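Chemist: First the structure, then my questions, so here it is.
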Amino acid sequence: MSLLASYSPPGHLDDLDETGLKAWNMFISDRVDNSITGPDPHEVLNDSPRSQFYNLTKTDTAADAREATVTWTAFPRLIVIQSLSDAQRWRRADASRDVQDEYCEWSVTRNAAGKITKVMFTCEGPEYWHLLGQSDPAKVLELYRTHIDPNVQHSDLFGATGTYNPRNRWNDSTTDGAMHLIQPNNTLGAEIELAAAATVVRVIDGHELTTEQELIHCSKYGEPERNSDPHIGGAVNDLARQKADVSLADPVGLYFDKLATDGWAAPDGSDPKDYWIRQRGDATHPVRFIYEVPQDKGFTVGDIEINGKPIQFGAQIADFITIKLTGVACRFGQSTTQPKNACVQVAPAPVEPAAVAQNLSAASVPGYRAAPLATSWTRRR
Amino acid sequence: MDGIREHRRATAWLQQARTAETRGSPPGITPPASRAVLAALGDPDSHDREAPSLYRFVVGVDQLARPLDAQELAELGDPMAELFFRRGIFPLTVQDLLAGLPEPATKANQSVYLIGEAGQIPLGSAPELPRAMRFAVARAATGRDVDLLVSTGANEDPATTFLQVAAWDPAAKVFNYYMRISPVWVWAGNSWSALAPGSRGHGCFDSHINGSVVMKELKAPWNNWQSQAATIRLAPDDPFRSDPLYQQVIGAENLELTVRALISRWTAARLAAVTQDGTVEHPEQLMRHLFTSTAVNLASTATQSSTITPSSGDLLLPPGFWLNSDALLSDLELPVTAALPPMVPAAHYVESLGTFDFALEEKSSGFSQPGDTFFAFVVPEPACEDNEMVRQMVKQGLITGKFAACAFMVDFTNPVFSSVREQLMAHVPTTPTAVTELQDHIARAIVDAAANLPPGSPEGRFAADWVLADDTWPKAFAQRIDDYLGHVGRRIQESAGFDDYVRLAESRRRDFKAMRLNEFELTLPTTNIPADAPRLGMIDDGTVAPTP
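Here the protein sequences come in this chain order: A and B. Residues -8 to 372 in our numbering are what the first sequence lists, from first letter to last. Residues 644 to 1191 in our numbering are what the second sequence lists, from first letter to last.
Spelled out as structure tokens, the structure:
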């Protein structure tokens, strides 16, 4: 039995000073606690509390603990199902960070001939950068200059009042750099909330929900058309159905799982995996990679072929990347939490003017900001 | 029970051999090996435990199963031969096999997958339904690329369940196909056997039709596979959860990447081999990938059928149902402007389930359940292995993109099982033809024939497209596709229009069911459409009509 002393920064990154580390621990711990509490049951029905989700720093992790890694493809599923051809989907995914909604975003660098020379991939949540921007702006500037461009200026990243702008000119496109996630739903907060909400076991009309799509439609904890959200929810709920307590493993974050290179061929016969270079995060929790061929090789990324087709889009690489999160479950068979017998519902609209006004305020909180082609609605906090 | 288990095997290898026996043409195996091999071929009464060996038995070619001699064994250059058989090692189980490989298993060199046609049927609704599942293991045994694909029963005794291996021989550039039936290992042929007249379509080559590895449900959502889209259902206390291989299972989305690469690898090797001296001995063996459906993959919507209600959003149907989008749009890059695959209002789909009495049925177990497959609207679509051959023929200059496009466009609204496009095979030479003359030879034969045929004939259609200038045909073809998708987009909004597409889908499913590639009853739904209903085809205007 053990308690975690404090939540570590994503990937065990070493950018934060002692104050920053404490702040990060508090942030994650608070988010976990809020997600355990869930939404106000007067506003949202059948979604709280989430008694099988727990805070690693406040509740013991029992000796029977098992980790469960959930992986999914980095290429956005919404784009896959809404496209008629590979070229169409690759072009669409390379066109905007706002459609890169699988907790992985990328930016493509090309040479004068239009060939790809480098692709930056990140799965770092924006919250960490907000915190770093507050606690150590100089570090933020240093990291941008190291990883994006030496010409980055302080004023490019921070407003007049010193507030860090996550969607700055070096991190808001698919061509000028990708430092961390900016797609509105690619947040650690979303990940924590989703995992917590997915611990609610549901039995509807005597039928226990078990499939990814049944669960996400009923529990409304994410975007049904993503690779990630239904899959994460399904895996977490499977643990909860085993009457276990569930949490996200420390360090809480989204991480690169792997780059597969099946069918890849470099012009000189070298291993295409050699050019997948980890830049941030530890070996088991990587949060930033670039795909780039050293100049002395005499060829570029665009000369590498995948099943006989040259790499012309960063999205082609994203097809072969998987992202992961790791859950932890313990006390199997011991949970006494009862399943809920109804799906999540928004409470009936209040009729008193003050309550209406309050409800309007609540409604202004951004929900899932879907990719331009998306058609569905999902509640997100 | 045994029959049911056998019915859900990875391939039809065993059934082939048994069928041969029951038809009075047994493999003709002689003692003392015969008892063991007979056991391998399904004799449940045999308890032979003689020394294990590697036998050769290529269905359709060999009358006798016999041990490979030393020379034959030395010529096998795949990991199974090198790491096991030549060393006198004959692993009994998948666990023995994997443990016998030189490097420890890592996430980088080994991937385990799980499939089961009954895997998504709710546990509570059919507690007696056998839940036979299969592991597929992809392993890079000797280098950085996968060279072993293992298929075996998952939740059965590993020593008695089937165990089959496709192993890549980097020197011969072929897959060797093996099967183990205790204690005998059988070499069932290699990739070339799939193409040879005697063995084509027989034994393991009823599913490895063109000599490559197979993953029928290749694309998302990988129906029946455990994947990021769906998890095979297990009870919370199912002891299978503690199986070490089960605990390594990852999503089939990864296997798709591996299988595509392996298909591409064999296709490249095959094409290089058959064109190396500048002459193609059997042009028809290449061109049938363009003009016919030698195989198919199964595609579907990405939506779980049981979650669809009349008020659900529109349902995106798989692009491969409407046209060969992989070949025409992804490979040949026709500049279509259509932004989305056709979508059907959910209400029409839900209504069609009742209209046509959709059900999942397994006669061998007596199981029946109303409704569609787990993911809605499973249909055959052009096979990756056919399209890959066409793509590589274009890349290697055997044919031009225009030639391929003209062939597809002859009946582009029927991407699979097109009897119209297949008629053009009559103009493909069956004698050795120079690589540089192959395309012109065929095109000339078609155009000459068209002169004496109606404009609507397959030859007439091809000839009309073939004369288009190089700078006009891509746009002309794209416009035709855009027009067609526009017609479909309008017709599918009407209930009657969608019902026609359901009938068309069922017609194509029945063509698939007639193939040996169809191994499992639960792969596809049944309907109340009469068994003798005419085969249907799609017309350019988006209507459906009986095929001639």
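Glycine is no exception: its CB is placed at the ideal position from the N, C-alpha and C atoms. Bear in mind that the values here come from a model prediction, so they are computed numbers and not experimental data.
1. So that I know if they touch, is there some Cβ in chain B lying closer than 9 Å to that of Leu75 of chain A?
2. Using a C-beta to C-beta distance shorter than 9 Å, which residues of chain B count as neighbours of Glu205 of chain A?
3. How about Gly213 of chain A and Leu172 of chain A: do their beta carbons lie closer than 9 Å?
4. Under 9 Å between C-beta atoms, does Asp1183 of chain B make it to chain A?
5. Restricting to Cα atoms, I'd like to know which of A:Ile195, A:Leu4, A:Glu34 and A:Met17 is closest to Pro339 of chain A.
6. Anything in the segment 890 to 921 of chain B with a Cβ closer than 7 Å to a Cβ of chain A? List those residues in chain order, please.
7. What are the residues that DSSP puts in a beta bridge with Tyr756 of chain B?
8. Could you check whether the Cβ of Glu214 of chain A sits closer than 9 Å to any Cβ belonging to chain B?
9. In chain order, what residues of the segment 185 to 203 of chain A put their CB closer than 8 Å to some CB of chain B?
10. Quick check: is the beta carbon of Asp1029 of chain B nearer than 9 Å to any beta carbon in chain A?
11. Determine the DSSP secondary structure at Arg774 of chain B, reduced to helix, strand or coil.
12. From Gly731 of chain B to Ala809 of chain B, what does the alpha carbon distance come to, in whole angstroms?
13. Assign Pro765 of chain B to one of three DSSP states: helix, strand, or coil.
14. Restricting to Cα atoms, I'd like to know which of B:Ala945, B:Asp886, B:Ala938 and B:Leu960 is closest to Gly796 of chain B.
15. Cβ closer than 8 Å: which chain B residues qualify as neighbours of Thr62 of chain A?
16. Would you say Thr327 of chain A lies against chain B (beta-carbon separation less than 9 Å)?
17. Can you have a look at Lys49 of chain A and say buried or exposed, based on whether 16 or more other CB atoms are within 10 angstroms of its CB?
18. Using a C-beta cutoff of 9 Å, does Arg1134 of chain B count as contacting chain A?
19. In terms of alpha-carbon separation, which member of B:Gln714, B:Glu718 and B:Ala1077 lies closest to Gln919 of chain B?
20. Does DSSP put Arg1064 of chain B in a helix, a strand or coil?
21. Would Thr1079 of chain B pass as a contact of Gln204 of chain A if the rule is Cβ separation under 9 Å?
22. Answer with yes or no whether the minimum CB distance from Asn298 of chain A to chain D is below 9 Å.
23. Going along the chain, which residues of its own chain have a beta-carbon closer than 8 Å to the beta-carbon of Arg232 of chain A, five neighbours each way excluded?
24. Beta-carbon within less than 6 Å of Gly254 of chain A's beta-carbon, same chain only, minus the 5 sequence neighbours each way: which residues are those?
25. Is there a C-beta anywhere in chain A that falls below 9 Å from the one on Pro1189 of chain B?
26. Would you say the segment 5 to 13 of chain A touches the segment 311 to 319 of chain A, given that touching needs at least three Cβ pairs under 8 Å?
27. Looking at the C-beta of Ala1086 of chain B, does it have a partner C-beta in chain A at a distance below 9 Å?
28. Considering only C-alpha positions, which residue in the set B:Gly1185, B:Glu994 and B:Ser907 is nearest to Asp1029 of chain B?
29. If we count the other Cβ atoms within 10 Å of its Cβ and call it buried at 16 or more, is His851 of chain B buried or exposed?
30. Among the residues of its own chain, which have a CB less than 6 Å from the CB of Asp294 of chain A, if the five just before and after it don't count?
31. Are there 16 or more other CB atoms within 10 angstroms of the CB of Gln43 of chain A, so buried, or fewer, so exposed?
32. Just checking: is the beta-carbon of Phe311 of chain A within a distance shorter than 9 Å of some beta-carbon in chain B?
33. Return helix, strand or coil for Asp6 of chain A, following the three-state DSSP convention.
34. To which residues does DSSP link Thr1076 of chain B through a beta bridge?
35. Considering Cα atoms alone, identify which of A:Arg57, A:Ala(-4) and A:Leu7 is closest to Arg884 of chain B.
36. Which value, in whole angstroms, describes the spacing of the CA atoms of Gly1099 of chain B and Glu1024 of chain B?
Modeler: Well, looking at it:
1. The beta-carbon of Leu75 of chain A is placed less than 9 Å from the nearest beta-carbon of chain B.
2. Gln947, Ser949 and Thr950
3. no
4. no
5. A:Glu34
6. Within the segment 890 to 921 of chain B, the residues whose Cβ lies closer than 7 Å to some Cβ of chain A are Ile893, Gly894, Glu896, Asn897, Leu900, Thr901, Arg903, Ala904 and Ser907, listed in chain order.
7. B:Ala779
8. no
9. For the segment 185 to 203 of chain A, the set of positions with a beta-carbon nearer than 8 Å to some beta-carbon of chain B reads His198, Glu199, Thr201, Thr202 and Glu203 in chain order.
10. no
11. coil
12. 19 Å
13. coil
14. B:Asp886
15. Gln871, Ile893 and Gly894
16. no
17. Result: exposed.
18. no
19. B:Ala1077
20. helix
21. no
22. Protein chains A and B are contained in the structure displayed, whereas chain D is not.
23. Val192, Glu199 and Thr201
24. Its chain contains Ile297 and Asn298 as the residues whose beta carbon lies nearer than 6 Å to that of Gly254 of chain A, once the 5 sequence neighbours on both sides are disregarded; these appear in chain order.
25. no
26. no
27. Taking Cβ atoms only, chain A never reaches closer than 9 Å to Ala1086 of chain B, which makes this a no.
28. B:Ser907
29. buried
30. Within the same chain, Asp294 of chain A has close Cβ partners Pro258.
31. buried
32. yes
33. Coil at Asp6 of chain A, not helix or strand.
34. B:Val923
35. A:Arg57
36. 25 Å
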